[in-house]
Amino acid sequence: MKKIIVMTTLVLSTFSVASFAASENSGENQITPNNTMMYPHMKAHKMLMNNMHHHGGNRGGFSDVNQETNKISDADNWTDDQRIILQGKIVKRVGKDDYIISDASGQMEVEIEGRAWRGVNVTPNDTVRFYGEVDKSWNKIEVEIDRIEKVQ
């Protein structure tokens, strides 16, 4: 009796592996951009994503070019969670997301999040506006940049 059960299990598993391999080669179960019959929820998601750069999208919004910028030399006066705007140049990259930036008053290290770039390419010769937030802890000032704009 045990031999029959073992043989039946072995034969059935062999057939299931063979049929799976055949379906993989035929492409009927593969996920493709146009395969919405098997995955209908993907059609709506694909249509939505075609109109957006990424999940947040590039929504745009109001930018006041006359808004006053902060100076790096005033960093000691900034408060925790304060929103700031700096205008200057990127001097160099010092880590994965860490950069040294400078303005007319000095230099400082900032963290520029990946999504902050929004497709903007910057060289050390470009003047840039940095929008970010101050993080003060343990008597250390860190600035996390969440948006950058090239100044024309």
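Quick note, the sequence shown lines up with residues -21 to -1, 1 to 131 if you use mature numbering (1 follows the signal peptide of the UniProt record, and there is no 0).
Ideal placement from N, C-alpha and C gives every residue a C-beta, glycine not left out.
With a threshold of 6 Å on Cβ separation, who are the neighbours of residue i within its own chain once the five nearest residues in sequence on each side are excluded?
i, result
"Leu(-10)", "none"
"Glu90", "Asp76, Asp77, Glu123"
"Ala54", "Ile120"
"Ser52", "Ser84, Gly85"
Compute the beta-carbon to beta-carbon distance between residue i and residue j, rounded to the nearest angstrom, for a pair I have assumed lies under 8 Å.
i, j, result
"Val107", "Val113", "Going by Cβ atoms, the distance from Val107 to Val113 rounds to 18 Å, so no, they are not a contact pair."
"Glu92", "Asp125", "6 Å"
Leaving out five residues before and five after residue i in sequence, what residues of the same chain have Cβ atoms less than 7 Å from its Cβ?
i, result
"Lys50", "Asp82, Ser84"
"Thr(-13)", "none"
Starting from the C-beta of residue i, find all residues in its chain whose C-beta is less than 8 Å away, skip the five residues before and the five after it, and write them out in chain order.
i, result
"residue 133", "Within the shown structure, residues of the chain are numbered from -21 to 131, placing residue 133 beyond reach of any answer."
"Lys71", "Tyr78, Ile79, Pro103"
"Gln61", "Glu112, Val113"
"Val73", "Ile79, Glu88"
Relative to the C-alpha of residue i, which residue among the options is closest?
i, options, result
"Trp96", "Met87, Ile120, Lys129", "Lys129"
"Ile63", "Gln46, Met(-21), Arg94, Ile(-18)", "Gln46"
"Ser116", "Gln66, Gln131, Met(-21), Trp57", "Trp57"
"Thr48", "Leu65, Gln61, Asp60", "Leu65"
"Val99", "Val73, Gln131, Gly74", "Gln131"
Hey, quick one: how far does the beta strand (DSSP E) through residue i stretch, first residue to last?
i, result
"Met(-21)", "That residue, Met(-21), is in no beta strand (DSSP E); it is neither H nor E in DSSP."
"Gly111", "107 to 116"
"Tyr66", "First, the residue type needs correcting, since residue 66 is Gln and not Tyr in the sequence shown. It spans 62 to 72 - the beta strand (DSSP E) in which Gln66 sits, taken as one unbroken run."
"Gln86", "85 to 91"
"Asp77", "77 to 82"
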